[in-house]
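Asker: What follows is a single structure, and I will ask about it in a moment.
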Amino acid sequence: MTSAPVQPVAARRSGPLNGRLRVPGDKSISHRALIFGALAAGGTRIGGLLEGEDVLNTGKAMRALGAQVERVGAGEWRVQGVGVSGFARPAEALDFGNSGTGCRLVMGAVAGCPITATFDGDASLRKRPMRRVLDPLQRMGARVAAGGEGGRLPITLSGATDAVPITYQTPVPSAQVKSAVLLAGLGAPGATTVIEREATRDHTERLLRHFGADIQTEPDGEHGRRITLVGQPELVPAPVVVPADPSSAAFPLVAALINPGSELVLDGVMTNPLRTGLFTTLREMGATIELLSVRDDGEEVADLRIRASPLRGVDVPATRAPAMIDEYPILAVAAAFAEGTTRMRGLKELRVKESDRLAATAEMLRVNGVIVGIDGDDLIVEGRGRVQGGGLVATHMDHRIAMSALVMGLASGKPVAVDDAGFIATSFPGFVELMRSLGGDLS
Ligand code: S3P
């Protein structure tokens, strides 16, 4: 692993932000499009792929496992798959860089194949918990052949020769855990079932269906789901068009809300209801967000029109967390510019993201003069309608902390600096240039 030079960036108070643009493709769907393309029997075309470092690392892993992965134009990729259980033993360790999604999903795919592979990542990924996927994968017949002390990377995993289908209730609300079990279930005879108490993003289920697998989803309890996949299908190549990422759209969207006089249109943003908790919350806070030209392309998509809006503090229920799990840092910025208190409940999972995001978000606000508290798993932000700024934010190798801090700086009294904007390239290449093109003062 090479370490890139540190890239400090600062954002200064800017005028209104105006324009119409498309943010890069959805990260969750991009990872999955490459993985399912690699597991299909034949050639899959992907359009609008996010060409961020996280997804490119998943593409490299698919190549190392025997698929052909080729870039044929901007965002246009072709994957020649090897078929379910067709992965070959990779010659070297698979390096997932900063990406928990890439690593955990590919662990699932490898667990269902009779091969051995070593999984590794950067210093941030090496701190993140892997037990949550290893536990069910071991029950399905995979073995941890080396490493894994304390459930941390690097880990060598031997997939099952005869994978066992299981019924698994996920102990944490995690689409990555659900997806790892379903991917391993592709290699098992019979039905693999995942039960989740709270529904999480369902891109894996949608794409499996798109590639011809027999997968059924039923409601389970008040907020949960029961997902059943029939194993050992032939996955049939099917073209994938990746919509714009709502989690990336969140940054220009909040920037427009908090900069008076702004008006933005964000084209082709995915509005899958399991991803739009932020839009719901911002509307409750008083935001003007209109959905134009709503359409359905296997995923719901719309153009979003956003106008700068005065915001008020709200209470965000814990049940909404899975639908906006990546959006709390930027919501906390919006909350700081709102009038009144915002309480965001049930954020335990934020502690195991690319950083301890609960602590990093609170610190990002605090060093810029915002009154903020953590009470158990809740984050409480005292909004005063404005932010003093002037702080240097430690990003802790976390792209979303970096982008949230820079958005805050665009509307703060004094500039806001980040120690390293380099990790933004994992999910949103071109972010700084794009914010500048809207009128943002960043350098
Ligand atoms: C993702 C699931 C979420 C999310 C991550 C992407 C996915 O993680 O935070 O950015 O694509 O499945 P968890 O499954 O750990 O909640």
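Here the working numbering is used: the sequence shown runs in plain steps of one and ends on residue 498. We put the beta carbon where it would ideally sit given N, CA and C, even for glycine.
I'd like to know whether the C-beta atoms of V471 and N423 end up nearer to each other than 8 Å.
Answerer: On the sequence shown, position 416 is the one that residue 471 refers to. On the sequence shown, position 368 is the one that residue 423 refers to. Going by C-beta atoms, V471 is nearer than 8 Å to N423.
Asker: Closest to V427 by CA distance: which of S179, R75, R398 is it?
Answerer: Here residue 427 corresponds to residue number 372 of the sequence shown, with the count starting at 1. Cα-wise, what sits closest to V427 is R398.
Asker: For a test of the three-state rule: what should DSSP assign to Q287, helix, strand or coil?
Answerer: Taking the sequence shown and counting its residues from 1, the one referred to as residue 287 is at position 232. In the structure shown, the three-state DSSP call for Q287 is coil.
Asker: Say yes only if the C-beta of A230 is nearer than 7 Å to one or more non-hydrogen atoms of the ligand S3P, and no if none qualify.
Answerer: Looking up residue 230 in the sequence shown gives position 175. Correct: A230 has its Cβ closer than 7 Å to the ligand S3P.
Asker: Report the option in L89, G464, P220 whose CA atom is closest to the CA atom of A246.
Answerer: Residue numbering aside, residue 246 sits at position 191 when the sequence shown is read from its first letter. Considering only alpha carbons, the answer is P220.
Asker: Is the beta carbon of T99 sitting closer than 8 Å to the one on P274?
Answerer: Indexing the sequence shown from 1 puts residue 99 at position 44. Indexing the sequence shown from 1 puts residue 274 at position 219. Against a cut-off of 8 Å, the Cβ pair of P274 and T99 comes out as no contact.
Asker: Going by the DSSP bridge assignment, what does T211 pair with across the sheet?
Answerer: In the sequence shown, residue 211 corresponds to position 156, counting from 1. For T211, which the question treats as bridged, DSSP gives the partners T173, A201.
Asker: Suppose the cutoff is 8 Å on Cβ atoms and the five residues either side in sequence are ignored; what does the same chain contact list for P184 look like?
Answerer: Within the sequence shown, residue 184 is the residue found at index 129, counting from 1. These residues qualify, in order along the chain: G206, R207, V407.
Asker: Looking at the secondary structure, which residues open and close the beta strand (DSSP E) in which E147 lies?
Answerer: Within the sequence shown, numbered from 1, the residue matching residue 147 stands at position 92. Element bounds for E147: n/a, residue is neither H nor E.
Asker: Judging by CA-CA distance, which residue of T416, A449, A390, A480 is the nearest neighbour of E500?
Answerer: Nothing can be reported for residue 500, as the shown portion of the chain is limited to 56 through 498.
Asker: Under the three-state reduction of DSSP, which class applies to D370: helix, strand or coil?
Answerer: Translated into positions along the sequence shown, residue 370 becomes position 315. Three-state result, D370: strand.
Asker: Consider the C-beta atom of D358 and the heavy atoms of the ligand ADP; say whether any pair is separated by less than 7 Å.
Answerer: Absent from the structure shown: the ligand ADP. Ligands present: the ligand S3P.
Asker: Is the beta carbon of K82 less than 8 Å from the beta carbon of S229?
Answerer: Translated into positions along the sequence shown, residue 82 becomes position 27. Translated into positions along the sequence shown, residue 229 becomes position 174. Result no, Cβ atoms of K82 and S229 do not sit closer than 8 Å.
Asker: Three or more beta-carbon pairs under 8 Å between the region 357-369 and the region 318-335, yes or no?
Answerer: yes
Asker: Helix, strand or coil: how does DSSP classify N112 here?
Answerer: By one-based count along the sequence shown, residue 112 stands at place 57. Looking at N112 - three-state DSSP - the assignment turns out to be helix.
Asker: Taking 7 Å as the limit between beta carbons, can you name the residues of its chain near T57, skipping five residues before and five after?
Answerer: Position 2 of the sequence shown, counting from 1, holds the residue named residue 57. Unreliable positioning characterises T57 in this predicted model, as indicated by a pLDDT of 47, which lies under 50. A coordinate reading is not provided.
Asker: Assuming I426 is part of the beta strand (DSSP E), what are its boundary residues?
Answerer: The residue labelled residue 426 in the question sits at position 371 within the sequence shown. Per DSSP, I426 belongs to the beta strand (DSSP E) from 426-430.
Asker: CB-CB under 7 Å to P60, same chain, minus the five flanking residues each way: which ones, in chain order?
Answerer: Start at 1 with the first residue of the sequence shown, and residue 60 comes out as number 5. Cβ neighbours of P60 beyond the five flanking positions: none.
Asker: Taking DSSP as the reference, what is the three-state secondary structure of M490?
Answerer: In the sequence shown, residue 490 corresponds to position 435, counting from 1. Residue state, collapsed to three classes: helix.
Asker: Note the first and the last residue of the continuous beta strand (DSSP E) segment covering S317.
Answerer: Here residue 317 is taken as the residue at index 262 of the sequence shown, counted from 1. Taken as a continuous stretch (DSSP letters only), S317 belongs to no beta strand (DSSP E), as it is neither H nor E.
Asker: In three-state terms, what does DSSP make of Q62?
Answerer: Position 7 of the sequence shown holds residue 62. Q62 falls in the coil class under three-state DSSP.
Asker: Using only CA atoms, which one of V165, C158, T171, R186 lies nearest to D177?
Answerer: For the purposes of this step, residue 177 is identified with residue 122 of the sequence shown, where counting begins at 1. D177 has its Cα closest to that of C158, out of V165, C158, T171, R186.
Asker: Could you round the C-beta distance between F151 and V165 to whole angstroms and report it? I think they count as a contact, below 8 Å.
Answerer: Against the sequence shown, residue 151 aligns to sequence position 96. Against the sequence shown, residue 165 aligns to sequence position 110. Actually they are not in contact, since the Cβ atoms of F151 and V165 sit about 12 Å apart, beyond 8 Å.
Asker: DSSP state of A246, grouped into three classes?
Answerer: Counting from 1 along the sequence shown, the entry for residue 246 is found at position 191. Three-state DSSP puts A246 in a strand.
Asker: Which residue comes first and which comes last in the alpha helix (DSSP H) that contains A415?
Answerer: What you label residue 415 is simply residue 360 of the sequence shown in a count that begins at 1. It spans 412-421 - the alpha helix (DSSP H) in which A415 sits, taken as one unbroken run.
Asker: Taking the alpha carbon of A310 as the reference point, which residue from A116, L493, Q224, G107 has its own alpha carbon closest?
Answerer: Taking the sequence shown and counting its residues from 1, the one referred to as residue 310 is at position 255. Nearest of A116, L493, Q224, G107 to A310, Cα basis: L493.
Asker: Please classify I556: does DSSP put it in a helix, a strand, or coil?
Answerer: What the structure shows of the chain is the stretch from 56 to 498, and residue 556 is not part of that stretch, so it cannot be assessed.
Asker: For A197 and A215, which I take to be in contact (beta-carbon distance under 8 Å), what is that distance rounded to the nearest angstrom?
Answerer: The residue given as residue 197 occupies position 142 in the sequence shown. The residue given as residue 215 occupies position 160 in the sequence shown. A197 to A215, Cβ: 5 Å. Contact.
Asker: So, under 8 Å CB-CB, Q443 and S459 are touching, yes? Tell me the CB distance rounded to an integer number of Å.
Answerer: Looking up residue 443 in the sequence shown gives position 388. Looking up residue 459 in the sequence shown gives position 404. 16 Å between Cβ atoms; not a contact.
Asker: If you check the beta carbons only, do V64 and P307 fall under 8 Å apart?
Answerer: By 1-based counting over the sequence shown, the position of residue 64 is 9. By 1-based counting over the sequence shown, the position of residue 307 is 252. Not a contact, by the Cβ cut-off of 8 Å.
Asker: Nearest-angstrom Cα distance between K115 and A93?
Answerer: Taking the sequence shown and counting its residues from 1, one reaches residue 115 at position 60. Taking the sequence shown and counting its residues from 1, one reaches residue 93 at position 38. C-alpha separation (whole angstroms): 11 Å.
Asker: Comparing C-alpha positions only, which one of A96, L192, G167, D300 sits nearest to S85?
Answerer: Looking up residue 85 in the sequence shown gives position 30. With distances taken between Cα atoms, S85 lies closest to D300.
Asker: May I have the straight-line CA-CA distance separating L447 from V388, to the nearest angstrom?
Answerer: For this step, residue 447 is matched to residue 392 along the sequence shown. For this step, residue 388 is matched to residue 333 along the sequence shown. Whole-angstrom Cα-Cα distance: 15 Å.
Asker: Please identify the residue among A480, M379, P298 whose C-alpha is closest to the C-alpha of D351.
Answerer: For this step, residue 351 is matched to residue 296 along the sequence shown. The option with the nearest alpha carbon to D351 is P298.
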